[in-house]
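Structure first, then comments.
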Amino acid sequence: MVRSAAELFAGRAYDGVSIDDLVTHLGLHRNSLYKTFGSKRGLYLAALRWSLEHDVAPLIDRVSRAAGPGEGLREALSPPGGGAGLDLLLLAAVERAPVDAEVAELVTRTLDALDAATGVPDGTGDPGDPGDPDGGPGALAVALTSAVLGLRIRARAGAPGADAGRACEALGRRLATR
Numbered sequence: 001m002v003r004s005a006a007e008l009f010a011g012r013a014y015d016g017v018s019i020d021d022l023v024t025h026l027g028l029h030r031n032s033l034y035k036t037f038g039s040k041r042g043l044y045l046a047a048l049r050w051s052l053e054h055d056v057a058p059l060i061d062r063v064s065r066a067a068g069p070g071e072g073l074r075e076a077l078s079p080p081g082g083g084a085g086l087d088l089l090l091l092a093a094v095e096r097a098p099v100d101a102e103v104a105e106l107v108t109r110t111l112d113a114l115d116a117a118t119g120v121p122d123g124t125g126d127p128g129d130p131g132d133p134d135g136g137p138g139a140l141a142v143a144l145t146s147a148v149l150g151l152r153i154r155a156r157a158g159a160p161g162a163d164a165g166r167a168c169e170a171l172g173r174r175l176a177t178r
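Positions 1 to 178 (UniProt numbering) are the ones given, in order, by the sequence shown.
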């Protein structure tokens, strides 16, 4: 049931899903939903946690084992996890995290884990040091995570010419030559 809710929220976002949608999609009574989860938010949090644990965490593990940045990007965008898991993470980041501290904490922790999984060494200088080519500790890892999320947005939107595989290869080659 929680998995189905995660898929529904990943496809339509929190505000795009009504209690009636949840009752219909999950096949349970409204009272059962409230008794089990307390509220729509309670079910959303359970669904988000489920997705982060079962979709996104394995994806992060695959990224951490990748041979290089290009392979890591491809792993991050491939199923499982690279679809609905990233979609729910993205929607949580833009829709709920700004207004819900618990969601913000889950999103931040997950993005930090994805940054760490890239295996890209931190810059060697101070964060504001203009002499550091990578912009400071962690900047390149954050840039790679941002690339993953941006490519997922393009794929989800069906943007013409959004060939994530080619983009991953190009970025991987560029990083390998630095």
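Think of the CB as a built atom: it goes at the ideal place given N, C-alpha and C, for glycine as much as any other residue. Please read these numbers as outputs of a predicted model, since none were measured by experiment.
Backbone secondary structure at residue i - three-state DSSP
i: V56; result: helix
i: G165; result: helix
i: G123; result: Low local confidence applies: a pLDDT of 49 at G123 is under 50, so the model's placement there is unreliable, with the coordinate-based value given in what follows. Three-state DSSP puts G123 in coil, outside helix and strand.
i: S39; result: coil
i: G131; result: Bear in mind that the predicted position of G131 carries a pLDDT of just 47, short of 50, making it too unreliable to give a figure here.
i: H29; result: coil
i: A66; result: coil
i: G150; result: helix
i: Y14; result: coil
i: G72; result: helix
Integer-rounded CB distance, given that residue j should sit under 8 Å from residue i
i: L88; j: A6; result: 6 Å
i: I60; j: A117; result: 5 Å
i: residue 180; j: V148; result: Beyond the ends of the chain as shown, which are 1 and 178, falls residue 180; an answer cannot be given.
Residue i versus residue j - alpha carbon distance
i: P130; j: G138; result: Low confidence applies to P130: its pLDDT is 49, below 50, so where it sits in the model is not reliable, and the reading given next is rough at best. Between P130 and G138, the C-alpha separation is close to 15 Å.
i: A92; j: V107; result: 7 Å
i: A101; j: G68; result: 34 Å
i: L8; j: A47; result: 9 Å
i: F37; j: M1; result: 11 Å
i: Y34; j: L43; result: 9 Å
i: D163; j: H29; result: 42 Å
i: R109; j: S18; result: 28 Å
Same chain, Cβ closer than 7 Å to residue i, five either side skipped, listed in chain order
i: R96; result: Y14 and V103
Classification of residue i by the beta-carbon crowding that lies within 10 angstroms, buried from 16 upward
i: E75; result: buried
i: V94; result: exposed
Beta-carbon contacts of residue i that lie in its chain and below 6 Å, excluding the five residues immediately before and after
i: S78; result: none
C-beta neighbour in chain D for residue i, strict 8 Å
i: L45; result: This model lacks chain D altogether, as it is built from one protein chain only.
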